[in-house]
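These protein sequence lines are chains U and L, in that order. For the first sequence, position 20 matches number 34 in our numbering, and the numbering has no gaps at all. For the second sequence, position 94 matches number 543 in our numbering, and the numbering has no gaps at all. Notes to accompany the following structure.
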Amino acid sequence: EADIYQTPRYLVIGTGKKITLECSQTMGHDKMYWYQQDPGMELHLIHYSYGVNSTEKGDLSSESTVSRIRTEHFPLTLESARPSHTSQYLCASRGGSYGYTFGSGTRLTVV
Amino acid sequence: GDSVTQMEGPVTLSEEAFLTINCTYTATGYPSLFWYVQYPGEGLQLLLKATKADDKGSNKGFEATYRKETTSFHLEKGSVQVSDSAVYFCALIKGDGKLTFGQGTILTVHP
Numbered sequence: 015e016a017d018i019y020q021t022p023r024y025l026v027i028g029t030g031k032k033i034t035l036e037c038s039q040t041m042g043h044d045k046m047y048w049y050q051q052d053p054g055m056e057l058h059l060i061h062y063s064y065g066v067n068s069t070e071k072g073d074l075s076s077e078s079t080v081s082r083i084r085t086e087h088f089p090l091t092l093e094s095a096r097p098s099h100t101s102q103y104l105c106a107s108r109g110g111s112y113g114y115t116f117g118s119g120t121r122l123t124v125v
Numbered sequence: 450g451d452s453v454t455q456m457e458g459p460v461t462l463s464e465e466a467f468l469t470i471n472c473t474y475t476a477t478g479y480p481s482l483f484w485y486v487q488y489p490g491e492g493l494q495l496l497l498k499a500t501k502a503d504d505k506g507s508n509k510g511f512e513a514t515y516r517k518e519t520t521s522f523h524l525e526k527g528s529v530q531v532s533d534s535a536v537y538f539c540a541l542i543k544g545d546g547k548l549t550f551g552q553g554t555i556l557t558v559h560p
């Protein structure tokens, strides 16, 4: 049973629309992450958070933004979607020394 | 910066064949090393890990040994099954807690 939930699983949206990808975890983890997985499978860290009101940009520049108002919730927002944003987005949280837990991902297609 | 390199190209095997997926890394200090697996349409699951030199991680018949002298963490399985078909990612983590992934290797096992 998954302890980290991402919605929606699949999303097809038109160019210029604003979207929010949801990520919630029930484990009380302080650290949360967003990875973008391109069609070639590579995973790139785009945002992370070490706790409430803490957000940082990752290694890959992204036009998306994130917020962390509650420990369990780490949504990602695109103000104006473009075809170049088409990708799979994976959310993860981390507890303990090394334990990452990943959500099932949101596959976004911008047409 | 830190990086992980996996063998190029998809791997196609017959059931019960021996599997090796090569992984080498570049990092300062002493990272922890991981193999993650991604089944079709799913997020990432931790397959195995090793936290120091000469450690051997193992799970579900898969093994990998942390070789500091060759900066490698090759994944092996003696007899693959059709159900092992998935994408495999080698990764490392350092003190800042961020995972750095390799490019991923697609494994297809035929009956």
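Glycine included, every Cβ here is placed at the ideal spot set by N, Cα and C.
*Can you tell me whether DSSP reads V531/L as helix, strand or coil?*
Residue state for V531/L is assigned as helix, using DSSP reduced to three classes.
*Under 7 Å by beta carbon: chain U residues contacting F511/L*: Neighbours of F511/L on chain U: none; closest Cβ ~17 Å, over 7 Å.
*Kindly indicate the opening and closing residues of the beta strand (DSSP E) around Q552/L.*
Neither: Q552/L is in no beta strand (DSSP E) and is coded neither H nor E.
*By Cβ distance, which residues of its chain are closer than 7 Å to L59/U, with the 5 residues on each side in sequence left out?*
The answer, listed in chain order, is Y47, Y49, G72, D73 and L74.
_Contact list for G546/L against chain U, beta-carbon separation under 7 Å_ = K45 and R108, listed in chain order.
*Quick check: the segment 83-90 of chain U against the segment 470-487 of chain L, are there 3 or more CB pairs under 8 Å?*
Verdict: no, contact absent.
*Rounded to a whole number of angstroms, what is the C-alpha to C-alpha distance between R96/U and T21/U?*
About 19 Å.
*Look at M55/U and Q552/L and say whether their C-beta atoms are less than 8 Å apart.*
For the 8 Å CB-CB criterion, M55/U and Q552/L form a contact.
*Are Y103/U and L35/U touching if we call contact CB-CB under 8 Å?*
In this structure, Y103/U sits near L35/U, with a CB-CB distance shorter than 8 Å.
*Since I believe A513/L is in contact with L524/L (beta carbons under 8 Å), could you give me their beta-carbon distance rounded to a whole number of angstroms?*
Confirmed, about 5 Å.
*asked:* Between the alpha carbons of G490/L and K517/L, how many angstroms are there, rounded?
replied: Each residue's Cα considered, the two are about 34 Å apart.
*Relative to the alpha-carbon of T454/L, which residue among S507/L, T549/L, G510/L and G527/L has its alpha-carbon at the smallest distance?*
Sorting S507/L, T549/L, G510/L and G527/L by C-alpha distance to the C-alpha of T454/L places T549/L at the top.
*asked:* So Y24/U and R121/U are supposed to be a Cβ contact under 8 Å. How far apart are they, rounded?
replied: The Cβ separation is near 5 Å, so the contact holds.
_For a cutoff of 8 Å on Cβ pairs, would you count V453/L as touching chain U?_
It does not: the Cβ of V453/L has no partner Cβ on chain U nearer than 8 Å.
_If the cut-off is 8 Å on Cβ atoms, which residues from the segment 513-547 of chain L count as contacting chain U, listed in chain order?_
Per Cβ criterion, the list reads V536, F538, I542, G546 and K547.
_Contact under 8 Å by Cβ, H87/U with S76/U_ = Result no, Cβ atoms of H87/U and S76/U do not sit closer than 8 Å.
*asked:* Which same chain residues end up closer than 6 Å to F483/L when comparing Cβ atoms and leaving out the 5 residues on each side of it in sequence?
replied: Counting only Cβ-Cβ distances below 6 Å, and skipping sequence neighbours, we find K498 and A540.
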